[in-house]
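Numbering (UniProt numbering), first residue to last: 1 to 99. We put the CB at the ideal spot given by N, CA and C, even for glycine.
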């Protein structure tokens, strides 16, 4: 299982457009067979800060996701709506373990 977290900052006044764009990619991505979870989250304290939290069955599933038209359209439009880089962190895990 792969956990992926991306943090990005919307340009001034671009948050509404980024949210609209993300709604499309979220809907399509959640329907992909390898996607376990895909959330686009807006910070309640910093409205132009967003986190994309993803959970995939495998790295191969994430790679397949990167090849799909809805992801490519999202990735192509992202630089016009964000500033700075995207902070990405990935974790490999065997999945949840009992406490």
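- Taking all protein chains shown into account, residue 66 has fewer than 16 neighbouring C-beta atoms within 10 Å of its C-beta and is therefore exposed.
- Relative to the Cα of residue 90, the nearest Cα in the group 62, 50, 77 belongs to 62.
- Excluding sequence positions up to five before and after residue 64, its CB lies within less than 7 angstroms of the CB of 34, all in the same chain and listed in chain order.
- For residue 93, there is no enclosing beta strand (DSSP E), as DSSP marks it with neither H nor E.
- Following the DSSP letters along the chain, one finds residue 8 inside the beta strand (DSSP E) bounded by residues 2-10.
- Across the set 49, 3, 55, the C-alpha of 49 shows the shortest separation from the C-alpha of residue 18.
- Taking C-alpha positions only, residue 79 is separated from residue 37 by approximately 24 angstroms.
- If you keep only unbroken beta strand (DSSP E) runs of at least 3 residues inside the stretch 9-61, you get 35-42, 49-56.
- Take the alpha-carbon of residue 71 and the one of residue 55: they are about 16 angstroms apart.
- Here residue 86 is exposed: its Cβ has fewer than 16 other Cβ atoms, across all protein chains shown, within 10 Å.
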